[in-house]
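Under UniProt numbering, the first residue of the sequence shown is numbered 1, with each subsequent residue one higher. Beta carbons are placed, not taken as given, at the ideal position from N, Cα and C, and that holds for glycine. What follows is a short report on a single structure.
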Amino acid sequence: MKHLFRQGSDPSAPTLLLLHGTGGTEQDLLPLAGEIDASASVLSVRGNVSENGMPRFFRRLAEGVFDEADLLARTQELHEFVDAAANDYGFDRNNVVAIGYSNGANIAGSLLFHIAGSLRGAILHHPMVPRRGVALPDLSGTPIFIGAGRNDPICTPQETEELTALLEEAGAAVAVHWEYAGHRLTGTEAKAAGEWYRSAFA
Ligand code: MLT
1 MKHLFRQGSD
11 PSAPTLLLLH
21 GTGGTEQDLL
31 PLAGEIDASA
41 SVLSVRGNVS
51 ENGMPRFFRR
61 LAEGVFDEAD
71 LLARTQELHE
81 FVDAAANDYG
91 FDRNNVVAIG
101 YSNGANIAGS
111 LLFHIAGSLR
121 GAILHHPMVP
131 RRGVALPDLS
141 GTPIFIGAGR
151 NDPICTPQET
161 EELTALLEEA
171 GAAVAVHWEY
181 AGHRLTGTEA
191 KAAGEWYRSA
201 FA
């Protein structure tokens with residue numbers, strides 16, 4: 001997968017797996033990663049799917065309607081890509097924290113839903129429920145931050161609450177931060193994510 005890797009100064013810090021939103025690139029979340037943990041290594045990936053030229057991490061049939069078979073295949077592909085990257089760049093595969101926005105948060109959520117041990121934790125900015133009606137792996141103690149919008153038309157508050165409940169039922173330690181800025185990732189949401197990260201991974 002097209003990506004960039006930056007070696008961090010702190011070898012014990014998590015490697016931050018950056019996953020952009022629809023139409024984004026591997027450059028988009030670099031400033032955010034710097035704000036969350038400037039000393040961490042960064043693996044930033046570009047989605048392999050193109051929707052009219054806009055990179056995404058999996059296909060959708062319509063706004064908010066995911067192509068489930070593609071979602072599952074792309075989730076596995078991303079997981080295997082991170083395995084290979086850990087080997088190539090020499091980072092600890094068991095110490096990877098995803099930071100995703102929108103479509104990137106949804107594939108990060110899909111990793112949590114489908115592949116045990118794929119992430120040590122996650123910061124999900126405006127995620128949806130990636131899939132319904134499946135048993136989640138054991139996520140006991142997995143720290144997860146969700147940034148959500150009270151007026152987000154794409155990821156509604158009801159869906160945020162549904163996702164939170166599913167993750168908590170699987171044992172995850174979920175913190176939800178609410179904003180009032182629609183589907184946007186604001187500076188105050190990024191700041192809240194950074195504060196949460198420092199308390200979860202210090
Ligand atoms: C998705 O398709 O993943 C969600 O609708 C978020 C988006 O990318 O707009």
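Query                                                                                                                              : Result
Can you list every residue whose CB sits closer than 7 Å to some heavy atom of ligand 1, going in chain order?                     : Gly21, Thr22, Arg56, Arg60, Glu63, Gly64, Phe66, Ser102, Asn103, Asn106, Met128 and Ile154
Let me check understanding here. Comparing Cα to Cα, which of Leu30, Asn52, Ile36 and Pro14 lies closest to Gly194?                : Ile36
Cα separation between Asn87 and Phe81?                                                                                             : 10 Å
Nearest-angstrom Cα distance between Val49 and Phe57?                                                                              : 6 Å
Are the CB atoms of Gly171 and Leu119 nearer to each other than 8 Å?                                                               : no
Where do the ends of the alpha helix (DSSP H) carrying Arg74 lie?                                                                  : Glu68 to Tyr89
By how many angstroms is the C-alpha of Ser110 removed from the C-alpha of Ala69?                                                  : 12 Å
Bridge partners for Thr15 per DSSP, in chain order?                                                                                : Val96
Counting C-beta neighbours from all protein chains within 10 Å, is the total for Tyr180 16 or more, i.e. buried, or is it exposed? : exposed
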